[in-house]
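Trainee: These protein sequences, in sequence, are chains A and B.
This note's numbering applies: residue 1 is where the first sequence begins, and numbers increase by one.
This note's numbering applies: residue 1 is where the second sequence begins, and numbers increase by one.
Beta carbons: idealized from backbone N, C-alpha and C, even for Gly.
Nothing here was measured: the structure is a model prediction, and the numbers come from that model.
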Amino acid sequence: MTKAEKKIIIIEDDKHINRLISYNLSKNGFRPESVYDGREAMHRLSGENFDIVILDIMLPGIDGFHICKSIKENPAAFKTFVVILTARAESQDKIYGNLVGADYYLTKPFSVAKLMEVINDLIALREKDFSIDTHKTMAKPGVSN
Amino acid sequence: MKISLHWKITFIFCSIFILALLSGYLYLSPRLAYYFESGLQDSLRRELMLGRDLLEASLGPAGSGGNIGDADMLARKIGKELGLRATIIALDGTVIGDNVLNKDEIAKLENHADRPEIQNALKNGFGISKRYSYTIRKYMLYMAASFGKARPAGILRLSIPLEAIASLEAQLQKTVIFTVFFVFLLCLGITFVISIFVSRPLIEMSKAARAVAGGDFSKKPAVYSNDEVGQLARAITDMSDEIKDKMEKIKSESTKLDIVLSSMFEGVIVTDQAGIIILMNPALKKLFFIDYDPKGKRPLEVIRNTSVQDIVDRILQGKQRLATEEISVTQPEEKILQVNGAAIIRNNSLEGTVLVFHDISELRRLEKIRQDFVANVSHELRTPVSSIKGYAETLLEGAIEDKENARDFVSIIHQDSDRLAKLIDDLLDLSKIESGKMKMAFLPVDAAALIKRSVAVIENQAKEKNISLKADLPAQLPKIQADETRFSQVMINLLDNAVKYTPEGGTVTISTSIKEKFLQVEVSDTGIGIPESDIPRIFERFYRVDKAHSRELGGTGLGLSIVKHIVQSHGGQVWLKSEPGQGSTFSFTIPLA
């Protein structure tokens, strides 16, 4: 499976940041999809299973925690990694992110290189092992600033 | 029966007087009688001796014997001389002469030999006797003496009625009774007056004390003397003053407490040690719709909240001295109440509990607003910074060579730095206004000139979107009392918004009117309008109807909030009317100079 075949969705209402992430992912060989509000995101996620969801929290319509929770509660999306990318930097938000099952929590302002590293690592993890068990043990939520 | 003090005093005094007089009388009376009687006897004896001498002188020489014919004549003579009854009795007891009786009567008289005085006179030459005389029917004192030169020739008896003594005694008795009566009256008068002097201060004190007991502190006993009574009067006055002071203090304390409790915004319940309500203030009654007196009930019966009862129970069981719970009330509106309970401890014993109910809904709401604001500020600052940092990083990582995108990226960096700078400006303005640190000089300024200047600032922006900007100002506009810079800021913010949210080819109109002491300015547009549900929140910080659209247009979400604050600082008001799809009208008032 090539990188281009990996399904990545960027859920981010700020157009500049959405474009920034999209541009860098494309540079890395991915073909990400961009969505700008919560309702649209829910619609897209219900129809398809993504490998990686880059998720903002403060979204118009439906907030990111809610979206993350619905992904993690969906058995069909068991392979989906959720990377939260948000301006909400309070520790209680990070704890809440953990509770709703986010696989990674990145706060804004973020390093593009770090985000790319996280995504590449998660993809590599998925490439290495397809078993559900491994997914469960390896996919511990990580936190980075 | 109640007998007043001065009558008692009068009675006692009179009794003592009367007792003294009576005992004096009883003691003196027999002595006086005796004294009179013995005086009488003495004079009678002397007269008897005189009569005997007279008789002896008139008798013939010794041994001539009794001369009966002469005896009656002699008796009459002696009786007449002495003014007494004189009787001459022969040695055998036959009466031979008497000056009171005539000869026939004398002849009828019985023999006097058995009379005690006669017997004694015969035996000893002298005899005395006191007895009732049947002859003249009177108590008499009799005195007899024998006469004769060598041997007794007969007996001379003198007698006097004892009536004199009796009448003397009666006179004495009368005098004494009169005196007693007179003294009694006098004594009554005197003691009455004395008792008035003694009892009047006491009566006054008693009245004053009763008045004090009845709560009247105006009556004070007059002080007449420096003695014990005077001291008592003074003590009563002092006591009354002291009680009055204390009562006033207690009254004012309790009034103060009442005022405090009834004017308190917080609800208060006080219970006794059994957990029974003894006090509930009006604020709490209002809060829980209690229109009856809840005294004597348990908190749970009145408030129907187990947490409240639980606080009381925990304190009364001695588990806690202070307890706090938050309870929520849904009627009539959702409220969060903080209930603080404390033990009432007096002299080391638990006497009850006091509960204070604070309405912290507003506090919680403000806390939420503040938290939201902090979160918003953080988000609003982090987003452009992320963008700037990300694009710069991307450019450095090689995108700078990507001719297609590099220029765009730099432009985004430029836009987001502007956005950041504007956000910082707005945040600083807002914080200065809110903390009251923004210096505003409210001077009479020309509103028309300021409005025109603001229009000029926005003109280019409007032209770009082909929006016509009309300032419909009257020729003569009165001056307003405002800070030039801040008034312009309000105008520019409103005009900027109007232009931003009005599609190309639309119209933005400024109009003014005078409303009492205010100048009312209206900024109307033919823009997209604001949904009715968003209108109440439109002036909140960071509140946006369309967040993405707003950000795209370079809005910070603080513009209207700043407008509201500035207008309110001027003493004016701001509001809006809007029809989605038709446009919005923002209006505000500024006081005239």
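1. With a threshold of 8 Å on Cβ separation, who are the neighbours of F17 (chain B) within its own chain once the five nearest residues in sequence on each side are excluded?
2. Can you tell me the Cα-Cα spacing of S38 (chain B) and L44 (chain B), whole angstroms?
3. Cutting at 8 Å between CB atoms, please list the residues of its own chain near V565 (chain B), excluding the five before and the five after it.
4. For the beta strand (DSSP E) containing L395 (chain B), name the first residue and the last one.
5. Check whether the Cβ of S387 (chain B) lies closer than 9 Å to any Cβ atom in chain A.
6. Express the C-alpha separation of Q173 (chain B) and L74 (chain B) in angstroms, rounding to a whole number.
7. Using 8 Å as the Cβ pair cut-off and three pairs as the minimum, do the region 336 to 349 of chain B and the region 314 to 328 of chain B touch?
8. Using a Cβ cut-off of 9 Å (strictly closer), state whether S378 (chain B) contacts chain A.
9. When DSSP labels each residue in this structure, what does K3 (chain A) get in the three-state scheme?
10. For chain B, find out if any of its Cβ atoms is closer than 9 Å to the Cβ of D103 (chain A); answer yes or no.
11. Since T507 (chain B) meets chain A, which of its residues come closer than 9 Å, beta carbon to beta carbon?
12. Could you say which of B:G275, B:A274, B:V270 lies nearest to N281 (chain B) if we only look at CA atoms?
13. Pick out whichever of B:L423, B:R137, B:Q309 has its Cα sitting closest to the Cα of I327 (chain B).
14. Given a limit of 7 Å on CB to CB distance, which residues of the region 457 to 480 of chain B reach chain A?
15. Using the beta-carbon of each residue, which ones in chain A are nearer than 8 Å to T391 (chain B)?
16. Does M438 (chain B) come out as helix, strand or coil in the three-state DSSP assignment?
17. What first and last residue would you give for the alpha helix (DSSP H) that runs through Q92 (chain A)?
18. Where L317 (chain B) and Q92 (chain A) are concerned, what is the direct C-alpha to C-alpha distance, given to the nearest angstrom?
19. Where in the region 55 to 134 of chain B do unbroken runs of the beta strand (DSSP E), each at least 3 residues long, occur, reported from the N-terminal end onward?
20. Beta carbon of K452 (chain B): closer than 8 Å to some heavy atom of the ligand ATP?
21. At a CB-CB cut-off below 7 Å, which residues of chain B make contact with K108 (chain A)?
22. For K295 (chain B) and D241 (chain B), I'd like the C-alpha separation in whole angstroms.
23. If you follow the beta strand (DSSP E) that A343 (chain B) is in, where does it begin and where does it stop?
24. With distances taken Cα to Cα, identify the nearest neighbour of A375 (chain B) among B:K207, B:H112, B:K517, B:R541.
25. At the level of alpha carbons, what is the spacing between A235 (chain B) and A222 (chain B)?
26. Once you ignore the five residues that flank A62 (chain B) on each side, which residues in its own chain have a CB closer than 6 Å to its CB?
27. In the region 531 to 559 of chain B, which residues sit with their C-beta less than 8 Å from some C-beta in chain A, listed in chain order?
28. Using 8 Å as the threshold, is the region 153 to 160 of chain B in touch with the region 72 to 91 of chain B, meaning 3 or more CB pairs across them?
29. Are I510 (chain B) and A471 (chain B) closer than 9 Å when you measure CB to CB?
30. Please work out which residues of its chain come closer than 8 Å, Cβ to Cβ, to D496 (chain B), disregarding the five sequence neighbours upstream and downstream, and give them in chain order.
31. Using 9 Å as the limit for Cβ to Cβ distance, is Q568 (chain B) near chain A?
32. Would you verify that the beta carbon of M58 (chain A) is, or is not, closer than 9 Å to some beta carbon of chain B?
33. Can you say whether S597 (chain B) is buried or exposed, counting buried as having 16 or more other CB atoms within 10 angstroms of its CB?
34. What is the residue span of the beta strand (DSSP E) that V270 (chain B) lies within?
35. Report the option in B:I276, B:Q476, B:I388 whose CA atom is closest to the CA atom of R19 (chain A).
36. With DSSP as the reference, label M280 (chain B) as helix, strand or coil.
Mentor: So, to answer that:
1. V183, F184, C187
2. 10 Å
3. A quick correction: the sequence has His, not Val, at residue 565 (chain B). Closer than 8 Å at the Cβ level, and outside the excluded window around H565 (chain B), lie L430, I433, E434.
4. Not the beta strand (DSSP E): L395 (chain B) falls in the alpha helix (DSSP H), residues 361 to 396.
5. yes
6. 40 Å
7. yes
8. yes
9. helix
10. no
11. Residues of chain A passing the Cβ test: none, with the nearest at roughly 29 Å.
12. B:V270
13. B:Q309
14. none
15. For the record, residue 391 (chain B) in the displayed sequence is Tyr; it is not Thr. Within chain A, the residues near Y391 (chain B) are H16, L20.
16. coil
17. 91 to 99
18. The sequence shown places Gln at residue 317 (chain B), rather than the Leu named in the question. Cα-Cα distance, rounded: 38 Å.
19. 85 to 89, 95 to 98, 126 to 133
20. Ligands are entirely absent from the displayed structure, and the ligand ATP is therefore not among its contents.
21. R382, T383, S386
22. 35 Å
23. 335 to 346
24. B:R541
25. 12 Å
26. Residue placement at A62 (chain B) is flagged as unreliable, the pLDDT there being 46, under the threshold of 50; a coordinate-derived value is accordingly withheld.
27. D546, K547, A548, R551, E552
28. yes
29. yes
30. I458, Q461, G559
31. no
32. yes
33. Nothing in the structure corresponds to residue 597 (chain B), since chain B is present only between 1 and 593.
34. 267 to 272
35. B:I388
36. strand
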